[in-house]
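J.: Got a structure here, written out as structure tokens. Questions coming.
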Amino acid sequence: MKRIPMARPSWDDDMRRAALETLDSLHWVKGPQGKAFGQEFAAYCHAVQGTPCQSGSVALWGALRLLDIGPGDEVLVPSLTYIATATCVSLVGAHPVFVDVEPDHWCVDLASLEAARTPRTTAVIAVHLFGQMCDDHLVQWCEEHGIAYIEDAAQAHGAMAASGTPAGGVGDVACFSFFPSKNLAVGGEGGMMMTRRADLAARMDALVNHGRDARLESHELGSNLRMSEVTAAIGRVQLQRLDGWLARRRAIAKRYDGAFSGLSGLHPPPTRPGTQHAWHQYCILADEPDRLRAALNEAGIDSRVYYATPCHRQQVYATHPQHTATLSVTDDIAHRLVAIPVHHQMTDEEVDRVVAAVKQASHPSS
Ligand SMILES: Cc1ncc(COP(=O)(O)O)c(C=O)c1O
């Protein structure tokens, strides 16, 4: 029986052709593919501009630079996320303040943000965790307090807010990752900064290119963070496929939701009303995560726990004032969120196998 992995990157003849044509053109960097990929993905996200770069982590660093965030600034970040959401803040010399997540949707919690806000708070990095959109009220909250809204949309390509705005078009700046396991990939490392603010667009492009203008004058500190043309060309083809892939992820998630409702000890992930989830991960909140993972493993199915060690408890933050602080929801659920395969290439038979294994974990004797 073939093992079911957590992700299977897509690779087809159109992507192969796009990659080869770009290599044959000898235009390997700073060319039309990166420009077009940025424009096409920005249009998809209802944003003004997308700037491709080398990774989601670099995009987060760039977003903070773009918003002039640095020493003396406090940036609110959820602790239940991938470590890059927090370390980008430290890398620009600002101070990450860890906040809790919502008990039901697991995205950054508005009450926790309000409790952590100080006069030094200049930004929040809101993660659309697992592909679930953050609370729409966050936009208004940030506006009211003059706080910049950075979307960490690394897991949310194609998710849509209740307002009808896609992930990437909601905040001041948004950051995407195209790591191979993500909903959209580029055949290597990759990321993108996105903005709906015309006033930030030109500087955003410059940041990934040593802060230089068209005359090659450097105006601010940047670096070479550019995406290569080959990966951009592959990303453009993947973007054309994205909606079809999302439809498949959503159909699988719907099947899981139906099959898992009412199972004892296993709580399927609720979707925020009115939004469209991108289902980068389908995480079950398990009372006994080890038992669920053992049942899946026995049935030849991969699983992962997200995020067993929340950011504030990671060693990199051993001297952070919140290292041993309690974030009640995060601490309660972090080690219990078991992700099961939900990728678009799963066959119906594989989905059936996952359903059967999860049910088995709930009712081991049946
Ligand atoms: C929420 C989140 N933020 C940021 C990143 C960083 O992206 P990258 O791995 O492309 O640097 C990831 C990637 O896993 C992520 O999941």
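Start counting the sequence shown at 1124; every next residue gets the next number (the working numbering).
Built from N, CA and C at the ideal position, the CB exists for glycine as well.
1. Which residues in the same chain have their Cβ closer than 6 Å to the Cβ of Gly1185, if we skip the five residues on either side of it in sequence?
2. Measure the C-alpha to C-alpha separation of Thr1288 and His1169 and round it to an integer number of angstroms.
3. Sorted by chain position, which residues of the same chain lie with C-beta nearer than 7 Å to Leu1214's C-beta, five sequence neighbours on each side aside?
4. Could you check the C-alpha separation between Asp1413 and Ser1235 for me, to the nearest Å?
5. Pull up the DSSP beta-bridge partners for Thr1244, would you.
6. CB Val1111 to CB Thr1145, shorter than 8 Å?
7. Let me make sure I understand the geometry here. Which of Gly1216, Pro1226, Asp1475, His1466 has the alpha-carbon closest to that of Leu1460?
8. If we count the other Cβ atoms within 10 Å of its Cβ and call it buried at 16 or more, is Thr1449 buried or exposed?
9. Please list the segments of the alpha helix (DSSP H) lying wholly inside the stretch 1250-1279, counting only runs of 4 or more residues, in order along the chain.
10. For His1467, is the classification buried or exposed, using 16 other Cβ atoms within 10 angstroms of its Cβ as the cut-off for buried?
11. By the DSSP assignment, the alpha helix (DSSP H) with Met1138 in it spans what residues?
12. Would Ala1239 pass as a contact of Leu1199 if the rule is Cβ separation under 8 Å?
13. Determine the direct distance from the alpha carbon of Ala1431 to that of Thr1470, and round the result to whole angstroms.
14. With a threshold of 6 Å on Cβ separation, who are the neighbours of Gly1173 within its own chain once the five nearest residues in sequence on each side are excluded?
15. Quick one: Cα of Ser1489 to Cα of Thr1394, how far?
16. If Arg1313 sits next to Phe1301, beta carbons under 8 Å apart, how far is it from one beta carbon to the other, in whole angstroms?
17. Considering Cα atoms alone, identify which of Gly1334, Ile1463, Glu1340, Arg1476 is closest to Tyr1405.
18. Grab me the residues of Arg1131's own chain with a C-beta within less than 6 Å of its C-beta, minus the 5 sequence neighbours each way, in chain order.
19. Can we count Ser1202 as close to ligand 1, meaning its CB is less than 7 Å from some heavy atom?
20. Could you check what DSSP says for Ser1489 in three-state terms: helix, strand or coil?
21. Can you tell me the Cα-Cα spacing of Ala1246 and Ile1192, whole angstroms?
22. Could you say which of Gly1294, Ser1304, Val1212, Gly1154 lies nearest to Ser1133 if we only look at CA atoms?
23. Taking Val1474 as the reference, which of His1403, Val1293, Ala1374, Ala1457 has the closest Cα?
24. To which residues of the same chain is Pro1391 closer than 7 Å at the C-beta, ignoring the five residues directly before and after it?
25. I want to see whether chain C comes within less than 8 Å of Pro1396, judged by CB atoms only; does it?
26. Taking only the alpha-carbon atoms, compute the straight-line gap between Gln1363 and Met1138 and give it to the nearest angstrom.
27. Is Asp1275 near ligand 1, with its Cβ less than 7 Å from a heavy atom?
28. What does a CB cutoff of less than 6 Å around Thr1204 pick up in its chain, not counting 5 residues either side in sequence?
29. In whole angstroms, what is the alpha-carbon distance linking Leu1149 and Ala1277?
30. Taking DSSP as the reference, what is the three-state secondary structure of Pro1132?
31. Exposed or buried, which one is Ser1180 when buried takes at least 16 other CB atoms within 10 Å?
32. Using a Cβ-based criterion (distance less than 7 Å to any ligand heavy atom), does Gly1310 qualify as near ligand 1?
33. Under the rule that 16 or more other beta-carbon atoms within 10 Å means buried, what is His1400, buried or exposed?
34. What first and last residue would you give for the alpha helix (DSSP H) that runs through Met1317?
35. Measuring only the C-alpha atoms, how far is Gln1483 from Ala1417?
36. Please tell me whether, using a cut-off of 7 Å, the distance from the CB of Ser1178 to the nearest non-hydrogen atom of ligand 1 is below it.
T.: For this structure:
1. Excluding positions up to five away in sequence, the list reads Met1316, Leu1330.
2. A straight line joining the alpha-carbon of Thr1288 with that of His1169 spans about 7 Å.
3. Cβ neighbours of Leu1214 beyond the five flanking positions: Trp1184.
4. Ser1235 has its alpha-carbon roughly 30 Å from the corresponding atom of Asp1413.
5. According to DSSP, which records beta bridges pairwise, Thr1244 is partnered with Glu1197.
6. Residue 1111 lies beyond the range of the chain shown here (1124 to 1489); nothing can be said about it.
7. Per the Cα distances, Pro1226.
8. Flag for Thr1449 reads exposed.
9. Runs found: 1260-1268.
10. It is buried - the Cβ of His1467 has at least 16 other Cβ atoms within 10 Å.
11. Unbroken alpha helix (DSSP H) run through Met1138: 1136-1147.
12. In this structure, Leu1199 lies closer than 8 Å to Ala1239 by Cβ.
13. Distance between the alpha carbons of Thr1470 and Ala1431 is about 29 Å.
14. Excluding five sequence positions before and after Gly1173, the CB atoms of its chain that fall closer than 6 Å to its own CB belong to Gly1161, Phe1164, Ala1165, Met1315, Met1317, given in chain order.
15. Unreliable placement is indicated for Ser1489, whose pLDDT of 46 sits below 50; the coordinate value is still reported in the next sentence. If you take the alpha carbons of Ser1489 and Thr1394, they lie about 29 Å apart.
16. It is worth fixing the name first, because residue 1313 is Gly in this sequence and not Arg. Going by Cβ atoms, the distance from Gly1313 to Phe1301 rounds to 4 Å, so yes, they are a contact pair.
17. Comparing alpha carbon positions, the residue from Gly1334, Ile1463, Glu1340, Arg1476 closest to Tyr1405 is Ile1463.
18. Answer for Arg1131: His1466, Gln1468, listed in chain order.
19. The answer is no for Ser1202.
20. Reliability of the predicted coordinates at Ser1489 is poor, the pLDDT of 46 falling under 50, and the value obtained from them is presented with this limitation in mind. Ser1489 sits in coil when the DSSP states are folded into three classes, being neither helix nor strand.
21. Computed Cα separation, rounded: 8 Å.
22. Out of Gly1294, Ser1304, Val1212, Gly1154, Ser1304 has the C-alpha closest to the C-alpha of Ser1133.
23. Nearest neighbour of Val1474 by Cα position, chosen from His1403, Val1293, Ala1374, Ala1457, turns out to be Ala1374.
24. Within the same chain, Pro1391 has close Cβ partners Tyr1379, Asp1380, Phe1383, Ser1384, Ile1407.
25. In the displayed structure, chain C is absent; only one protein chain is listed.
26. One alpha carbon belongs to Gln1363, the other to Met1138, and they sit about 11 Å apart.
27. Under cutoff, so the answer is yes.
28. Within the same chain, Thr1204 has close Cβ partners Val1250.
29. The straight-line gap from Cα to Cα measures roughly 30 Å.
30. Three-state DSSP puts Pro1132 in coil, outside helix and strand.
31. The residue in question, Ser1180, is buried, as its Cβ has 16 or more Cβ neighbours within 10 Å.
32. In this structure, the C-beta of Gly1310 stays at least 7 Å away from each heavy atom of ligand 1.
33. Label assigned to His1400: buried.
34. In this chain, Met1317 is not harboured by any alpha helix (DSSP H); it is covered by the beta strand (DSSP E) spanning 1314-1318.
35. Distance from the CA of Gln1483 to the CA of Ala1417, rounded to the nearest whole angstrom, comes to 11 Å.
36. True, at least one ligand heavy atom lies under 7 Å from that Cβ.
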